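Throughout the sequence shown, residue numbering follows the numbering used here, covering 17 to 458 in sequence. Built from N, CA and C at the ideal position, the CB exists for glycine as well. Predicted model only: the values in this text are computed from it and were never measured.
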Amino acid sequence: MTFAFFYTIFMFMDRQARIVKKVLRGSVAKKAGILPGDEILSIGGYPFVDDADLAFYEVDERVALTVLRNGEKLSFEIEKDADEPLGIEMNQSDYIIPCKNDCMFCFVRQLPKGMRKTLYVKDDDYRMSFAMGSYVTLSNLTEEDLDRIKRLSLSPLYISVHCFTPELKRKICKNPKSGDLFKVLKELAAAHITMHTQVVMMEGINDGEELRLTITELAKLYPAVKTVAVVPVGLTKHREGLTKLSPISPENARRTIKMVEAFNDEMKKKNGEPFAFCSDEMYLIGGVELPPYESYGEFEQIENGVGLVADFFDCAEYALKEGVVPKGEYSAITGMSFAPLLEKYARELESKYDVKIDVCPVRNDFFGETVTVSGLVTGGDIIKQYKGKLKKDIIIPRTMLREFSGVFLDEVTLCQLEQTLGVRAHVADGGDGFIRILGGEQ
Numbered sequence: 017m018t019f020a021f022f023y024t025i026f027m028f029m030d031r032q033a034r035i036v037k038k039v040l041r042g043s044v045a046k047k048a049g050i051l052p053g054d055e056i057l058s059i060g061g062y063p064f065v066d067d068a069d070l071a072f073y074e075v076d077e078r079v080a081l082t083v084l085r086n087g088e089k090l091s092f093e094i095e096k097d098a099d100e101p102l103g104i105e106m107n108q109s110d111y112i113i114p115c116k117n118d119c120m121f122c123f124v125r126q127l128p129k130g131m132r133k134t135l136y137v138k139d140d141d142y143r144m145s146f147a148m149g150s151y152v153t154l155s156n157l158t159e160e161d162l163d164r165i166k167r168l169s170l171s172p173l174y175i176s177v178h179c180f181t182p183e184l185k186r187k188i189c190k191n192p193k194s195g196d197l198f199k200v201l202k203e204l205a206a207a208h209i210t211m212h213t214q215v216v217m218m219e220g221i222n223d224g225e226e227l228r229l230t231i232t233e234l235a236k237l238y239p240a241v242k243t244v245a246v247v248p249v250g251l252t253k254h255r256e257g258l259t260k261l262s263p264i265s266p267e268n269a270r271r272t273i274k275m276v277e278a279f280n281d282e283m284k285k286k287n288g289e290p291f292a293f294c295s296d297e298m299y300l301i302g303g304v305e306l307p308p309y310e311s312y313g314e315f316e317q318i319e320n321g322v323g324l325v326a327d328f329f330d331c332a333e334y335a336l337k338e339g340v341v342p343k344g345e346y347s348a349i350t351g352m353s354f355a356p357l358l359e360k361y362a363r364e365l366e367s368k369y370d371v372k373i374d375v376c377p378v379r380n381d382f383f384g385e386t387v388t389v390s391g392l393v394t395g396g397d398i399i400k401q402y403k404g405k406l407k408k409d410i411i412i413p414r415t416m417l418r419e420f421s422g423v424f425l426d427e428v429t430l431c432q433l434e435q436t437l438g439v440r441a442h443v444a445d446g447g448d449g450f451i452r453i454l455g456g457e458q
């Protein structure tokens, strides 16, 4: 089937994003005659996809719109001041561009059965990358998509690279088109699109010399490629029928850290800013001391687990300097990998303040013991391991809960956790929130 067929299907499915939801009173769009329910077909002479088009073109002094109203196409030429918004609010579409890869390390395919349906959705949507910082492979990018990214300057983008060698990339992603990524990266770089990249490192597959080659080739695209993060592959116990992969060994983690840090030092000397990072988890696996706060630049890879620990302790210390005084008794719930670091910090706080902190690491039985990060701890595992054992208020990191909610990944709610454990739960936003809870401010 042709691209035109699939593009037509996509445009039909994504039609909601082209429907005008609201026209603000007194706006230039209202005066021009745009109505709620109009479907915007084009803007500035280009097909309209979503409100990114609107944001880009409405800074012009003259905006050409074509809309569909009751089956009739209508054209509008709106003249306005350059800094004057059109006054149009668009519907939001639930449609996302699906992933066409079958990556050997895909975390979605390692999820247990019975979870929320939305967790099993594999997206590879460049729009989400621009809007929310999610990583995409660009394997499903069409020429029209690429043109739109360049035309609208959708930047920065967050791109999963994984390796440089095309044959290996096709093997990893099980998608013939995935091997063409560096051609796309070069085209985006030529259009001055900023990119943050990642490599999910797998033992014996894309590590060692292949990793060195990958970082070297990405560095050639600096400053368009602004950063690269090397993240150890995440493996759950739910891998039946999937490619056999081994966890990153401590020895390999240490070799990787040494190589990446050496490369990064060269880039900093040359360009004055950091470029290549290993995630915090890589350091914890290797038993290597984490870099200081100033090593992370603008923390542009923090959502990828790069600099989370440094940011936590820096924010905690800042709250203390602001005069927050920890006091009382608390139990701090955390993942296995962060527990030793939090334990050490708890003892430091206890030596300086009238506070008692019990650090409670949670073994991940839900995903498997190889998963040690706090963000994947479930409410059920907390209950199973600590029911009847806690007497103090508990502190839960925000990362354990679904965004904007009080629900864990296994659908256990914060209220259910409190009722079952018989204690009050406080949710901490990073190190600042942790200290403020200890100080009785939250």
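Just to check, is the beta-carbon of residue i closer than 6 Å to a non-hydrogen atom of the ligand FAD?
| i | result |
| --- | --- |
| residue 296 | What this structure holds is no ligand at all, so the ligand FAD is not there to describe. |
Mapping DSSP to helix, strand and coil, what is residue i?
| i | result |
| --- | --- |
| residue 128 | coil |
| residue 432 | helix |
| residue 238 | coil |
| residue 115 | coil |
| residue 294 | strand |
| residue 243 | strand |
| residue 307 | coil |
| residue 151 | coil |
| residue 337 | helix |
| residue 423 | strand |
| residue 374 | strand |
| residue 37 | strand |
| residue 325 | helix |
| residue 443 | strand |
| residue 457 | coil |
| residue 161 | helix |
| residue 330 | helix |
Could you please give the first and the last residue of the uninterrupted alpha helix (DSSP H) stretch that includes residue i?
| i | result |
| --- | --- |
| residue 364 | 355-368 |
| residue 213 | No alpha helix (DSSP H) contains residue 213, which is instead part of the beta strand (DSSP E) from 211-217. |
| residue 263 | Residue 263 -> no alpha helix (DSSP H), and no H or E assigned at all. |
| residue 189 | 182-189 |
| residue 402 | 395-402 |
Kindly indicate which residue of the options has the alpha-carbon position closest to the one of residue i.
| i | options | result |
| --- | --- | --- |
| residue 281 | 292, 271, 272 | 292 |
| residue 446 | 400, 190, 327 | 327 |
| residue 35 | 137, 50, 42, 437 | 50 |
| residue 47 | 101, 205, 353 | 101 |
| residue 219 | 120, 394, 367, 324 | 120 |
| residue 296 | 37, 353, 403 | 353 |
| residue 308 | 300, 325, 88 | 325 |
| residue 93 | 58, 135, 230 | 58 |
| residue 434 | 411, 419, 83 | 411 |
| residue 347 | 427, 340, 355 | 355 |
| residue 439 | 428, 426, 409 | 409 |
| residue 182 | 168, 197, 176, 169 | 197 |
| residue 427 | 398, 406, 450 | 398 |
| residue 114 | 95, 122, 156, 99 | 156 |
| residue 190 | 401, 379, 118, 79 | 118 |
| residue 98 | 209, 77, 138 | 77 |
| residue 64 | 388, 180, 80 | 80 |
| residue 41 | 130, 285, 103, 279 | 103 |
| residue 209 | 163, 405, 330 | 163 |
Using a Cβ-Cβ cut-off of 7 Å (strictly less than) and excluding sequence neighbours within five positions of residue i, which residues of its own chain qualify?
| i | result |
| --- | --- |
| residue 253 | 383, 384 |
| residue 27 | Because residue 27 carries a pLDDT of 46, less than 50, the predicted location of this residue cannot be relied on, and no value is offered for it. |
| residue 217 | 223, 227, 246, 247, 248, 249, 264, 272 |
| residue 289 | 313 |
| residue 424 | 394, 395, 416, 417 |
| residue 357 | 325 |
| residue 371 | 342, 343, 344, 365, 454 |
Starting from residue i, follow the beta strand (DSSP E) in both directions and report where the run begins and ends.
| i | result |
| --- | --- |
| residue 449 | Unbroken run through residue 449 is the alpha helix (DSSP H), 446-454; no beta strand (DSSP E). |
| residue 460 | This structure does not reach residue 460, given that the chain is present from 17 up to 458, and the question cannot be answered. |
| residue 345 | 344-351 |
| residue 173 | 173-176 |
| residue 276 | Premise fails: residue 276 lies in the alpha helix (DSSP H), 266-287, not in any beta strand (DSSP E). |
| residue 412 | 409-413 |
With a threshold of 8 Å on Cβ separation, who are the neighbours of residue i within its own chain once the five nearest residues in sequence on each side are excluded?
| i | result |
| --- | --- |
| residue 456 | 343, 344 |
| residue 161 | 142 |
| residue 238 | 283, 287, 291 |
Apart from the five residues on each side of it in sequence, which residues of its chain come closer than 6 Å, Cβ to Cβ, to residue i?
| i | result |
| --- | --- |
| residue 362 | 373, 375 |
| residue 294 | 246, 273, 276 |
| residue 149 | 174, 319 |
| residue 166 | 207 |
| residue 145 | 152, 173, 174 |
| residue 453 | 411, 442, 444 |
| residue 105 | 37, 38 |
| residue 91 | 82 |
| residue 67 | 106 |
| residue 430 | 422, 441 |
| residue 126 | 252, 254, 255 |
| residue 299 | 306 |
### Minimum length 3: unbroken beta strand (DSSP E) runs contained in the segment 52-109
Taking only runs of at least 3 residues, the beta strand (DSSP E) segments lying wholly in the segment 52-109 are 55-59, 78-85, 88-95, 104-106.
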